[in-house]
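A.B. asks: In our numbering, the protein residues as written are 6 to 454.
Structure incoming, see below.
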Ligand SMILES: [Zn+2]
């Protein structure tokens, strides 16, 4: 009896989160067929896409058949928005008056994509977030602070609702500035918060420099949920955050067009669970398109949100790159694990001087060196026919004495971890841009001349 109760308390949905993979798969196929048929019947965009491929919903009978369904890319979602009904376009599967939520993508390039959701979809959003927050230890007794701008980006909106759904007490830190947010956390003794890795580090910095508050010593935040950037899955960045706040830091991954599809659990297994109850996540070989089931092989993540109705997300090409982990997670969930989180974007992984490089590899190095500030910027340019890569960094004021040693360590580590030589520019402390939502630290100027 007691063991059963303990198990019930460990998971948001004990039945789904411990279901054997083959059962989960059965359920995924069943739901996949349903959402495919829904989109085929109601969305002109999807019907056109499938008809052009000569595909009818009835053609999908098994898990193996799923790959026959054409993928959808972000650029396609942008194009449909020129069509009716305004402003979403013809992938909308419900009457316009059913839409209750407007969001738009916060991508760092291109025109934003608008995303409609019904109230039922919004419930589904918060359900997905409830899985992840519960897995990170959020309970009724928690007082959660949300230091983010509540606006058109989905960001932590669903985190807010999910925390309430679990029964936490939620404090919206919307329009407050960073100092006011820190003081509010102190005043109310909040014990959990959600923010981007950049902002988590920036807040700690502001607390110390401007307010003389050491978050680890003077504040009560003990768990932090990150999103928006890969930092919480990059070990050196995670450790910096955990040390600065004296808190556990957990990662989560999602996207406006997809939903919250992956999360780190309290066991911190060095990777993220995919939510196999609400999504069908497949890894695909970048060159051949073959589905990858075995661990240790990198592939592009293709995602179906199995229950999202207003504007379905079916076989969405996320362009994120990941690989399956070898071992199951000690937390006991049967939801599969991706190793080390998302390791890069198929688009961002670029060749510099003939070497393949992921921006996260540079972050890993910069954040692992003591005496360097958390902010940095990478510029890739062309000098004549040759690629040129510049790394801008800041040295912490109290580490200035070690400048030469820090720079030589940085150069060595960069060469070792990324196989490239860099021009290093040291900028005055506090002069590089600080970001609250999505950091733009990697700038490839070769394409624009
Ligand atoms: Zn786990």
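Every residue, glycine too, gets a C-beta built ideally from N, C-alpha and C.
All figures in this text were calculated on a predicted structure; none of them were measured in a lab.
1. Which two residues bound the contiguous alpha helix (DSSP H) that contains residue 246?
2. When the Cα atoms are used, what is the spatial distance from residue 328 to residue 304?
3. Classify residue 141 as helix, strand or coil using the three-state DSSP reduction.
4. In whole angstroms, what is the alpha-carbon distance linking residue 198 and residue 397?
5. Give me every residue whose Cβ sits closer than 6 Å to any heavy atom of ligand 1, in chain order.
6. With distance defined between alpha-carbon atoms, name the residue in 391, 421, 429 and 420 nearest to residue 408.
7. Distance, Cα to Cα, residue 33 vs residue 161?
8. Taking DSSP as the reference, what is the three-state secondary structure of residue 375?
9. Which residues in the same chain have their Cβ closer than 6 Å to the Cβ of residue 82, if we skip the five residues on either side of it in sequence?
10. Give the range of the alpha helix (DSSP H) segment to which residue 84 is assigned.
11. Since residue 202 is in the beta strand (DSSP E), which residue starts that stretch and which ends it?
12. Can you check the region 99-172 for any alpha helix (DSSP H) of at least 4 residues that lies completely inside it and give the ranges in chain order?
13. Could you tell me if the beta carbon of residue 126 falls within a distance shorter than 6 Å of some heavy atom in ligand 3?
14. In or out: residue 451 buried (at least 16 other Cβ within 10 Å) or exposed?
15. Report all residues from its chain with a CB closer than 7 Å to the CB of residue 311; omit the five preceding and five following residues, and keep chain order.
16. Can the beta-carbon of residue 90 be found less than 7 Å from the beta-carbon of residue 101?
17. What are the boundary residues of the beta strand (DSSP E) that includes residue 449?
18. Can you find a C-beta in chain B that's less than 7 Å from the C-beta of residue 369?
19. So for residue 308, helix, strand or coil by DSSP?
20. Just how far apart, CA to CA, sit residue 192 and residue 211?
21. How long is the line joining the alpha carbons of residue 176 and residue 107, rounded to whole angstroms?
22. Classify residue 314 as helix, strand or coil using the three-state DSSP reduction.
23. Roughly how many whole angstroms lie between the Cα atoms of residue 308 and residue 322?
24. Can you name, in chain order, every residue of its own chain whose Cβ lies under 7 Å from the Cβ of residue 124, other than the five neighbours on each side?
25. Quick check on the burial criterion: 16 or more other C-beta atoms within 10 angstroms. Buried or exposed for residue 71?
26. If you draw a straight line from the alpha carbon of residue 46 to that of residue 75, how long is it in whole angstroms?
27. So what does DSSP say about residue 14, is it helix, strand or coil?
28. If residue 258 and residue 267 are in contact, beta carbons under 8 Å, what's the gap, nearest whole angstrom?
C.D. replies: With the structure as the only source:
1. Unbroken alpha helix (DSSP H) run through residue 246: 240-250.
2. Distance between the alpha carbons of residue 328 and residue 304: 6 Å.
3. Of the three classes helix, strand and coil, the one that applies to residue 141 here is coil, per DSSP.
4. Those two C-alpha atoms are separated by around 30 Å.
5. My final list is 270, 272, 274, 278, 334, 336 and 338.
6. With distances taken between CA atoms, residue 408 lies nearest to 429 out of 391, 421, 429 and 420.
7. Rounded to the nearest angstrom, the two C-alpha atoms are 27 Å apart.
8. Three-state result, residue 375: coil.
9. Scanning its chain for C-beta atoms nearer than 6 Å, with the 5 sequence neighbours on each side dropped, one finds around residue 82 the residues 118, in chain order.
10. Annotation for residue 84: the continuous alpha helix (DSSP H) segment containing it runs 79-85.
11. No beta strand (DSSP E) holds residue 202; the alpha helix (DSSP H) holding it covers 202-216.
12. As far as the region 99-172 is concerned, its whole alpha helix (DSSP H) runs of at least 4 residues are 124-140 and 162-171.
13. Summarising the ligand content, the structure contains ligand 1 and does not contain ligand 3.
14. By the C-beta density criterion, residue 451 is exposed, having fewer than 16 other C-beta atoms within 10 angstroms.
15. Taking C-beta separations shorter than 7 Å and ignoring five residues to either side along the sequence, the partners of residue 311 in its chain run 33, 36, 37, 40, 283, 284 and 285, following chain order.
16. Cβ distance < 7 Å, so residue 90 and residue 101 count as in contact.
17. Run containing residue 449: 447-449, per the beta strand (DSSP E) assignment.
18. The structure shown contains no chain B, having only a single protein chain.
19. DSSP, read as helix, strand or coil, puts residue 308 in strand.
20. So the alpha carbons of these two residues sit roughly 17 Å apart.
21. Spanning the two alpha carbons is a distance of roughly 22 Å.
22. Residue 314 falls in the coil class under three-state DSSP.
23. Computed Cα separation, rounded: 7 Å.
24. Once the five neighbours on either side are set aside, the close Cβ partners of residue 124 are 105.
25. Answer is buried; the Cβ neighbour count reaches 16.
26. One C-alpha to the other measures close to 16 Å.
27. Correct three-state label for residue 14: helix.
28. Contact flag correct, Cβ pair sits at about 4 Å.
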